[in-house]
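Numbering (the working numbering), first residue to last: 0 to 120.
Even glycine gets a Cβ: it sits at the ideal position worked out from N, Cα and C.
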Amino acid sequence: MEIWLNPACSKCRSAIGILDEAGAEYTVRRYLEDPPGAEELRAVLDRLGLEPWDITRTQEPVAGELGVRDWPREPAARERWIEALAEHPKLIQRPIITADDGTAVVGRSEEAVREALDHSS
0 MEIWLNPACS KCRSAIGILD EAGAEYTVRR YLEDPPGAEE LRAVLDRLGL
50 EPWDITRTQE PVAGELGVRD WPREPAARER WIEALAEHPK LIQRPIITAD
100 DGTAVVGRSE EAVREALDHS S
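The structure is reproduced here in structure tokens:
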């Protein structure tokens, strides 16, 4: 199991606490320091069953600068969103937890983190 996190994020710290409490084995990826490329983002989106606009932090200042809130949310625009996430990792929702069975969750709630644990045991 791997968790993409920003150590300054309270949701990320909460997720780590739940994983530690459960005795889970996981690796930490500080995705702002080690950002995923477009190909890796595509793979994680497939695992999440989501589209790039579903994991985009539209309240970030860079989102406003890019105008992402006005971008179309349709298949033809998918690559534009993925490239923006790859170029500006601050836009990626966090934490993202990839489970051992090939699934992934956005672990913003305790329930989502526990779901990832269920898929990694």
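Tell me the DSSP secondary structure of residue i in three-state form.
i: residue 90; result: helix
i: residue 50; result: coil
i: residue 3; result: strand
i: residue 77; result: helix
i: residue 150; result: Residue 150 is absent from the model: the chain starts at 0 and stops at 120.
i: residue 63; result: helix
i: residue 8; result: coil
i: residue 72; result: coil
Compute the distance between the beta-carbons of residue i and residue j, then report whether it is under 7 Å.
i: residue 94; j: residue 2; result: yes
i: residue 90; j: residue 55; result: yes
i: residue 51; j: residue 96; result: no
i: residue 98; j: residue 0; result: yes
i: residue 14; j: residue 105; result: no
i: residue 116; j: residue 23; result: yes
i: residue 5; j: residue 31; result: yes
Which one or two residues does DSSP pair with residue i in a beta bridge?
i: residue 96; result: 2 and 104
i: residue 55; result: 91
Is the stretch 34-46 close to the stretch 64-72, with three or more CB pairs under 8 Å? These segments do not touch.
What beta strand (DSSP E) runs, 3 residues minimum, are completely inside the stretch 19-50? Those beta strand (DSSP E) runs which fall completely within the stretch 19-50 and span 3+ residues are 26-29.
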